[in-house]
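First residue of the sequence shown? That's 625 in the working numbering, and the numbers climb one at a time after it.
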Amino acid sequence: MEVPVKNLVDTVDLTRDDILLPMLECIVNSIISLQKSDIPEEEKKIQIQISRGEYPRLLNIENIRTIQGYKIIDNGVGFNKSNYESFNTPFSQINSEYGCKGIGRFTVLAAFQDYTVSSNYFEDGDWLKRIFKFSAEKEIEILEERNSDETVWNTNISISNCYNEFILENSALSIRSIAESIMQHCFIFYLNNALPRIELIDFETEEIEVINELFQNVSKEKEREFDLKGEKFKFYITKTPKEGNRKNNYLYYCANNRTVSNARNLKNVNSLFSYPILIGNSYYFFDIYMVSEFLNKKVFKTRNGFNIPKERENQLYNDNGIISFQDIEEKLSGIIEKEYEDFVKKAKQKSIENTQKYIREKAPRFNSFLKNESILNAVPPHLSEDKLEEYLYKVSFNARKNVENNIDKFIKSKEVSEDAINQIIDDIKAKTAYDIDNLADYMMRRKAIIKLFDKFLDADEKGKYKLEEDVHNLIFPLGFTNNDLSYENHNLWLLDERFVSYRFIASDKSITSFSQIKSRKETDLILVDNPPMFDNPISFGDRNSGEVNSMVIFEFKRPGDVAHQKNKNDYRWEFSELVEPYFDEFLYNPIKKNYKGNQVVLRETTPKFGYIILDMIPDMLARYNKNKGWSLTPFGTYFKIIANLNLHLEVMTFRQLVDSSKNRHNPFFDKLFNS
């Protein structure tokens, strides 16, 4: 039964990794032809000639044209009778001992329209010439078969007119890049001393690369074997001195003496090998070539991939005998770690130090990991900060969840043993450590806010001060309320720790927004403790109306601006003028409703607190207010109490505010970050 060539070609699926595969298949066929030849080894030769086409649609920096075709010329045994018959037979087994699948020529036709063979060979005492064309439509067309006057071995394979747009568009490669691909693809032949001289010629640029010369800097470092689920594997480690632009170590999977698909970055197998390896006093890059009869059996017939799962399948099923790439690479990883133990030890120590530094400086939420050797040793080396954060978070989440589950299980358990008690003690200790991590993370944020506030108080490069709203927004974003933001997003703890628990907060909004009073007065912050009156998008309570338990109003003056009146040199004004009128609006205006019409009740006996924050308090202003009943506190701030209104007023500078916050937090900072 004959199979049409076109049908076979249609089954070939070339991917982005297969740009050079048609040419590489032809080269390997030439190598096998030379292996069958009896001519001296030093005379065996393959020449590849590159034929360029147009520029790609997306121009490249090197201004390189695409590849329209190749000529592969060798002096092997040629297309004698047996080889020609094999060519005519799909999946021929004549060269199976060399790893041939009998399908490589169909891979060529999956990308190139024209495939012409001209072969001069010696058979049965005569020199013969055979020329034919091979195509998907017409299959094999004999152009010439005759005796030859030429007395040299010569086979010329010409493939041209690339019609595969994907292959064509991505073929704008430099001769050096093509040479390196040939080198990697044929590396096993080199290791087995079976590689003939291979020349690569680009007629457009008049460049020549001798593939064999690329191996001069490559030395065979080690050769190791291992067994995996009844299959034997062998890998070769070669090293190349660190030079040029190379950045990675690579793993190549091989089948039938060829590398298959693109190389795998070794850092994805073991991140310890993400960079050049220090051996002695020099740095090297590794190339690892994995070979196995198992790989030979599992390679696709087109040799552009393997029928091997990437990861282990579900262990619930009977797949213990199935080998995955994950299995192979875990085995490889363990072996190379032992082989390069000194390098690995130093790399792991550096990784631990980097992780500890990251936690101390940027992620105190993982402080409990700093002395946990098992976790530190398990962190993959060379992670970016984003990846390290992701990894540590995952470990932390799983550990917390496990501890919480154990505690819940203990609480629900009716049988309590000594072992269970000891375990729960350990779990509670672990939970305490994680809770401290949370506190450390929160305090780290506070520390950053305090530093930022400190900078806001300083003049910028032009001598100008930050606007009032800038400092204000640091404490609380304009136009938002605590119903819109999470606890961590506002910074009212800078003013007073107790204010973070206040239920209603409004920022730079007219009092009419809340009380429907016809007033255009604006204040910076109005806080109502447990306010039942504010049922709106910027506030909420457990009741819609009623009596507030306390009210707090803040007024911030722009840093650099201490005057209250239009005349900036007039300090004859009382601090209370900045906040007291707002309390009066709530106290004495007969209509006090929120925007939904719910009644608001603020009595003279309701505790009221007013805070005024200035950039500085000039002596003249301080003297004036002292004579108005304001007193100096031991902390340098000023206060006044209006007893009949139960109104407590305090004035401080921004600097005093920041210093006060620092002093409150320093004991926590010292304990969490310096212990």
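Note that beta-carbon positions come from the ideal geometry of N, C-alpha and C, so glycine has one too.
Quick check on M914: does DSSP put it in helix, strand or coil?
Residue state, collapsed to three classes: strand.
As assigned by DSSP and simplified to three states, the class of G677:
Look at G677 here: in three-state DSSP terms it is coil, with no helix or strand label.
What separation, rounded to the nearest whole angstrom, lies between the Cα atoms of Q950 and F990?
In this model, Q950 and F990 are separated by some 30 Å (Cα to Cα).
Which same chain residues, not among the five before or five after K1250, have their C-beta less than 7 Å away from its C-beta?
So the list is empty, once near-sequence residues are dropped.
Applying the 10 Å Cβ sphere with the 16-neighbour rule, what's the burial state of L1102?
Unreliable positioning characterises L1102 in this predicted model, as indicated by a pLDDT of 48, which lies under 50. A coordinate reading is not provided.
Between S1008 and Q980, what straight-line distance do the alpha-carbon atoms span, to the nearest angstrom?
Answer to the nearest angstrom: the Cα atoms are 14 Å apart.
Assigned secondary structure, T883 (DSSP; H/G/I helix, E/B strand, else coil):
Here T883 sits in strand by DSSP.
Where does L919 sit, in a helix, a strand or coil, going by DSSP?
Residue state, collapsed to three classes: helix.
Who are P865's beta bridge partners in DSSP?
Paired residue(s): Y908.
G728 (DSSP reduced to helix, strand or coil):
It is helical.
For H1272, name the three-state secondary structure that DSSP assigns.
Strand, per DSSP.
So S675 and Y694 are in contact, right, with Cβ under 8 Å, and what is the actual spacing, rounded?
About 7 Å separates the two Cβ atoms, so the contact holds.
Would you be able to state if there are at least three C-beta pairs under 8 Å between the stretch 731-739 and the stretch 785-793?
Output reads yes: the stretch 731-739 touches the stretch 785-793.
Would you call N1113 buried or exposed, if buried means 16 or more other Cβ atoms sit within 10 Å of its Cβ?
Bear in mind that a pLDDT of 49 at N1113, under 50, signals an unreliable position, so the number given afterwards is only what the model happens to contain. Exposed, by the Cβ-count rule.
Could you check if I832 is buried or exposed, using at least 16 other CB atoms within 10 Å of its CB as the buried criterion?
Per the 10 Å Cβ criterion, exposed.
Evaluate contact between the stretch 1252-1265 and the stretch 1204-1215, counting only Cβ atoms and requiring at least three cross-stretch pairs below 8 Å.
Between the stretch 1252-1265 and the stretch 1204-1215 there are fewer than three C-beta pairs closer than 8 Å, too few to call the two in contact.
How about L838 and M807: do their beta carbons lie closer than 8 Å?
In contact: L838 and M807 (Cβ atoms closer than 8 Å).
Simplified DSSP state of Y787, which is helix, strand or coil
Coil.
Closest residue to F1263 among Y1206, E1198, N869 (Cα-Cα distance)
Between F1263 and the set Y1206, E1198, N869, the nearest pair of CA atoms involves E1198.
Thinking just about the alpha-carbon of each residue, which of N684, W1117, M1175, N1193 is nearest to the one in H1289?
Of N684, W1117, M1175, N1193, the residue nearest in Cα terms is W1117.
At what residues does the alpha helix (DSSP H) containing N771 begin and finish?
Judged by DSSP secondary structure, N771 falls outside any alpha helix (DSSP H) and instead within the beta strand (DSSP E) spanning 763-771.
Look at the Cβ atom of G677, then the Cβ atom of S743, and state whether they are nearer than 8 Å.
In this structure, S743 does not lie closer than 8 Å to G677 by Cβ.
For the stretch 813-822 against the stretch 655-667, do three or more pairs of beta-carbon atoms, one drawn from each stretch, fall closer than 8 Å, so that the two count as touching?
With a cut-off of 8 Å, the stretch 655-667 and the stretch 813-822 count as touching, because enough Cβ pairs lie within range.
Backbone CA spacing between N653 and Y679 [nearest angstrom]
Answer to the nearest angstrom: the Cα atoms are 30 Å apart.
Run through DSSP, which three-state label would W1117 get?
Shown here, W1117 sits in a helix according to DSSP, grouped into three states.
Contact set for N1268: own chain, Cβ-Cβ below 7 Å, skip 5 residues either direction
Listed in chain order, the non-local C-beta contacts of N1268 below 7 Å within the same chain comprise E1228, local neighbours out to five positions each way being set aside.
Cβ contact check for the stretch 795-805 and the stretch 747-761: 3 or more pairs under 8 Å
No, because fewer than three Cβ pairs between the stretch 795-805 and the stretch 747-761 fall closer than 8 Å, the two stretches do not touch.
Tell me the residue span of the alpha helix (DSSP H) that contains Y1262.
First-last for Y1262: 1262-1266, but that is the beta strand (DSSP E), not the alpha helix (DSSP H).
With 16 as the cutoff for other CB atoms within 10 Å, does D1243 come out buried or exposed?
Answer is exposed; the Cβ neighbour count stays below 16.
Starting from R989, trace the alpha helix (DSSP H) in both directions and tell me its first and last residue.
No alpha helix (DSSP H) contains R989, which DSSP labels as neither H nor E.
In the DSSP assignment, find the beta strand (DSSP E) that holds K1232 and state where it starts and stops.
For K1232, the uninterrupted beta strand (DSSP E) segment begins and ends at 1232-1238.
Within the present structure, is the beta-carbon of L682 separated from the nearest heavy atom of the ligand FAD by less than 7 Å?
This structure lacks the ligand FAD, and indeed carries no ligand of any kind.
On the CB-based measure, 16 or more other CB atoms within 10 Å of its CB, does N699 come out buried or exposed?
Under a 10 Å Cβ-count criterion, N699 is classified as buried, with 16 or more other Cβ atoms of the shown protein chains found around its own Cβ.
Using only alpha-carbon positions, find the residue among I655, V1282, F756 that is nearest to L1076.
Ranking the options by Cα distance to L1076, first place goes to V1282.
Does DSSP put D748 in a helix, a strand or coil?
The answer is coil: DSSP assigns D748 none of H, G, I, E or B.
With which residues is E1171 paired in a DSSP beta bridge?
Answer is V1225.
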